[in-house]
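This report concerns only the one structure given below.
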Amino acid sequence: ILNVEQSPQSLHVQEGDSTNFTCSFPSSNFYALHWYRWETAKSPEALFVMTLNGDEKKKGRISATLNTKEGYSYLYIKGSQPEDSATYLCAFNNAGNMLTFGGGTRLMVKP
Amino acid sequence: EPEVTQTPSHQVTQMGQEVILRCVPISNHLYFYWYRQILGQKVEFLVSFYNNEISEKSEIFDDQFSVERPDGSNFTLKIRSTKLEDSAMYFCASSERLRGSFYNEQFFGPGTRLTVL
Numbered sequence: 034i035l036n037v038e039q040s041p042q043s044l045h046v047q048e049g050d051s052t053n054f055t056c057s058f059p060s061s062n063f064y065a066l067h068w069y070r071w072e073t074a075k076s077p078e079a080l081f082v083m084t085l086n087g088d089e090k091k092k093g094r095i096s097a098t099l100n101t102k103e104g105y106s107y108l109y110i111k112g113s114q115p116e117d118s119a120t121y122l123c124a125f126n127n128a129g130n131m132l133t134f135g136g137g138t139r140l141m142v143k144p
Numbered sequence: 004e005p006e007v008t009q010t011p012s013h014q015v016t017q018m019g020q021e022v023i024l025r026c027v028p029i030s031n032h033l034y035f036y037w038y039r040q041i042l043g044q045k046v047e048f049l050v051s052f053y054n055n056e057i058s059e060k061s062e063i064f065d066d067q068f069s070v071e072r073p074d075g076s077n078f079t080l081k082i083r084s085t086k087l088e089d090s091a092m093y094f095c096a097s098s099e100r101l102r103g104s105f106y107n108e109q110f111f112g113p114g115t116r117l118t119v120l
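In order, the protein sequences belong to chains A and B.
The letter at position 48 of the first sequence is residue 81 when you use the numbering used here, and the numbering goes up by one with no holes.
The letter at position 14 of the second sequence is residue 17 when you use the numbering used here, and the numbering goes up by one with no holes.
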């Protein structure tokens with residue numbers, strides 16, 4: 034059984050704060066690490082797919098880093114806005130196409 | 004922008020009844036998936052489907068479950084005799100086949116909430 038863990042489970046920040054959260058995953062048989070942003074009643078939205086150790090990807094104020102040797106990825110949000118409030122999911126991909134998800138980090142940004 | 008759609012958004016059924024959950028994947032995608040999330044738990048993989056056959060399935064996907072692509076656009080998940088523990092949000096996803104890639108970015112639908120009474 035693959036173990037993918039995310040921390041913290043939930044996070045409350047003020048508008049303008051920068052924040053980050055962690056995804057840990059098995060360091061063996063690594064193919065890809067996916068980050069999704071999921072707002073209630075909407076489709077989970079793909080943010081990043083990361084494949085190489087040391088990868089760093091950025092989309093606007095959101096960025097992510099990847100360490101496959103130690104089995105972790107960080108997601109950073111710079112200057113959080115209320116519209117960033119969502120659950121952020123990471124998913125680990127080893128052989129095949131099956132994604133193994135973490136439990137998510139629920140972010141709430143207060144105006 | 005193309006998107007994965009799912010119907011219905013919410014399905015309520017009696018224990019023992021059959022349900023069919025429907026999905027329309029993105030039109031040029033060739034891989035299709037079902038996942039589910041029981042309330043309070045992680046999203047779990049059920050099955051992947053490619054070239055009109057199951058390519059991977061999890062332990063959850065037992066004989067009660069089946070998938071089908073009945074025409075060129077729909078992808079369905081059937082649960083033959085629902086149990087209380089089948090209550091969950093069911094997500095459909097699809098991906099392209101990327102030549103030379105070990106992974107396929109998966110695009111998710113908004114989910115169908117299944118409630119079994």
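Built from N, CA and C at the ideal position, the CB exists for glycine as well.
Nothing here was measured: the structure is a model prediction, and the numbers come from that model.
Give the interface partners of P77 of chain A over in chain B, defined as CB-CB distance under 7 Å, in chain order.
What P77 of chain A touches in chain B: F111.
Under 7 Å, Cβ to Cβ, is there at least one residue of chain B near F134 of chain A?
Yes, F134 of chain A lies at the interface with chain B (some Cβ there is under 7 Å from its Cβ).
To the nearest whole angstrom, what separates the beta carbons of G38 of chain B and F94 of chain B, a pair I think is in contact under 8 Å?
Correcting the residue identity first, residue 38 of chain B is Tyr in this sequence and not Gly. Rounded, the Cβ-Cβ distance is 5 Å, consistent with contact.
Rounded to the nearest angstrom, what separates V82 of chain A and V22 of chain B at their Cα positions?
Straight-line Cα distance between these residues: approximately 33 Å.
Length-filtered (3 minimum) beta strand (DSSP E) runs lying within the region 30 to 58 of chain B
Scanning the region 30 to 58 of chain B from its first residue to its last, the whole beta strand (DSSP E) runs of 3-plus residues come out as 34 to 40 and 46 to 53.
Bridge partners - N107 of chain B, DSSP secondary structure assignment:
N107 of chain B is not bridged to any residue.
Taking Cβ to Cβ, would you say E72 of chain A is nearer than 7 Å to S57 of chain A?
Contact flag unset, no.
Could I get the ranges of all uninterrupted beta strand (DSSP E) runs contained in the region 86 to 120 of chain A, with 3 residues as the minimum, in chain order?
Whole beta strand (DSSP E) segments, 3+ residues: 89 to 92, 95 to 100 and 105 to 110.
Residue-chain proximity (S51 of chain B, chain A), Cβ-Cβ < 7 Å
At least one chain A Cβ lies under 7 Å of S51 of chain B.
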